[in-house]
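**Student:** Following this message is one structure expressed as structure tokens.
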Amino acid sequence: MVLTRLAGLGDIRHMGSGNIGATNVLRTGSKKIAALTLFLDGGKGALAVLLFAPESTGVAMLAGGSALLGHIFPIWLKFKGGKGVATALGILLAATFNVGALACLTWLIVAFFTRYSSLAALIAVALAPYFAWALDAPDTARLAVFIAPIVWIRHLENLRRLHTGDETKIGAPSSTDSPSSTDNHS
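Take 128 as the starting number for the sequence shown in the working numbering and just add one per residue.
Here it is in structure tokens:
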């Protein structure tokens with residue numbers, strides 16, 4: 128939201144889906160601002176984990192979960208934030224890099240073949256606990272089990288649109304011109 132305003136693009140909450148995340152920022156036509164939004168949202172989650180990792184794994188995981196909830200429900204935006212995908216991926220990358228890398232790779236593969244950001248996000252977070260379990264990272268597995276349903280709940284409307292065939296693909300104009308309708312993407 129801040130980046131689009133600084134770039135002179137206006138308030139992202141009044142464009143496309145109305146969501147403040149990187150997918151909606153991409154709709155403004157600024158790939159650079161969208162990439163920076165993705166990086167900063169992911170960095171926020173990673174930083175929360177990394178700040179506390181040397182002291183306590185449990186506290187680091189709690190900090191990551193708190194960063195996710197703070198991103199989704201920010202007080203200064205009347206509890207209407209993003210969908211948490213980039214923040215969740217940043218958390219996973221910092222908690223156990225290989226788990227986060229597999230989740231990011233999953234997102235990239237699904238997004239490449241389907242062009243649906245929301246579907247890619249849902250599959251990536253759904254598989255993250257399994258990746259953590261397979262890589263013997265129990266703390267990250269528990270964190271991923273916490274993250275996945277939160278991200279899924281934030282995407283319920285996207286699931287409905289995927290089911291009806293109305294979900295907007297990456298690179299396509301938004302199916303809505305008004306943010307008064309429910310968010311279209313992660």
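Backbone N, C-alpha and C define an ideal beta-carbon position, used for all residues, glycine too.
(1) In the structure shown, what three-state DSSP assignment does Gly209 receive?
(2) DSSP three-state label for Asp168, please.
(3) Less than 6 Å between C-beta atoms, sequence neighbours within five positions excluded: which residues of the same chain meet that for Gly209?
(4) Tell me whether the region 163-172 and the region 199-208 touch, counting them as touching only if at least three CB pairs, one residue from each stretch, are closer than 8 Å.
(5) Identify every run of the alpha helix (DSSP H) within the region 230-277, keeping only runs that are complete inside it and at least 4 residues long; order them along the chain.
(6) Can you look up Met330 in the DSSP assignment and give me helix, strand or coil?
(7) Does the region 254-270 come into contact with the region 221-236, if we say contact requires no fewer than three beta-carbon pairs (one atom in each stretch) closer than 8 Å?
(8) Please state the DSSP three-state secondary structure of Ile147.
(9) Where does Asn295 land, buried or exposed, given buried means 16+ other C-beta within 10 angstroms?
(10) Which whole-angstrom value describes the C-beta separation of Gly192 and Phe273, a residue pair presumed to lie in contact below a C-beta threshold of 8 Å?
(11) If you compare alpha carbons, which of Ala247, Leu262 and Arg140 is closest to Asn225?
(12) How many Å lie between Trp260 and Arg288 at the Cα?
**Tutor:** To lay it out plainly:
(1) Against the sequence shown, residue 209 aligns to sequence position 82. Here Gly209 sits in coil by DSSP.
(2) Within the sequence shown, the letter at position 41 stands for residue 168. Residue state, collapsed to three classes: helix.
(3) The residue given as residue 209 occupies position 82 in the sequence shown. Contacts found: Ile147, Gly148 and His198.
(4) no
(5) Restricted to the region 230-277, the alpha helix (DSSP H) segments that are unbroken, complete and at least 4 residues in length are 244-261, listed in chain order.
(6) Residue 330 lies beyond the residue range present for the chain, which begins at 128 and ends at 313; the question has no answer from this structure.
(7) Taking a cut-off of 8 Å on C-beta distances, the region 254-270 touches the region 221-236, as three or more cross pairs fall below it.
(8) By one-based count along the sequence shown, residue 147 stands at place 20. Here Ile147 sits in coil by DSSP.
(9) Working through the sequence shown from its first residue, we reach residue 295 at position 168. Note on residue identity: the sequence assigns Thr, not Asn, to residue 295. So Thr295 ends up on the buried side.
(10) In the sequence shown, the residue the question calls residue 192 occupies position 65. In the sequence shown, the residue the question calls residue 273 occupies position 146. The beta-carbon distance between Gly192 and Phe273, rounded to whole angstroms, is 6 Å. This is short enough to meet the 8 Å contact definition.
(11) Counting from 1 along the sequence shown, the entry for residue 225 is found at position 98. The shortest Cα separation from Asn225 among Ala247, Leu262 and Arg140 belongs to Leu262.
(12) As a first step, residue 260 must be located in the sequence shown, where it is residue number 133. As a first step, residue 288 must be located in the sequence shown, where it is residue number 161. Their Cα atoms are separated by approximately 31 Å.
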